[in-house]
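This report concerns only the one structure given below.
Numbering (the numbering used here), first residue to last: 266 to 342.
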């Protein structure tokens, strides 16, 4: 579930291992590139944290963020 914090959407994803986490990041990167909307993220072993906000809108949450968040959720389904 995405949380709203500091004008950003945030979610933490947990995987079985680093390989699964990294594969997820690759899939997210492809979707982010297609959308021309790139997240701030962090990976530590089997955990991936993602923050979304729209920089060109003044670092606030916009429809671009909700759209990418929905697409990311679809990748985990």
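Virtual Cβ for every residue (Gly too), placed ideally from N, Cα, C. In this text the structure is predicted, and so the values were computed from the model without any measurement.
Considering only residues of the stretch 294-342, which uninterrupted alpha helix (DSSP H) runs meet the minimum length of 4 residues and lie entirely inside it, listed in chain order?
For the stretch 294-342, whole alpha helix (DSSP H) runs of length 4 or above, ordered along the chain, are 328-341.
Using the rule of at least 16 other Cβ atoms within 10 Å of the residue's Cβ for burial, across every protein chain shown, is residue 302 buried or exposed?
If you draw a 10 Å sphere on the C-beta of residue 302, you find 16 or more other C-beta atoms in it, and that means buried.
From this set, 307, 299, 332 and 329, which residue's C-alpha is nearest residue 277's C-alpha?
307
Can you tell me the Cα-Cα spacing of residue 274 and residue 267, whole angstroms?
6 Å
Determine the contact status of residue 286 and residue 313, defining contact as a CB-CB distance below 8 Å.
yes
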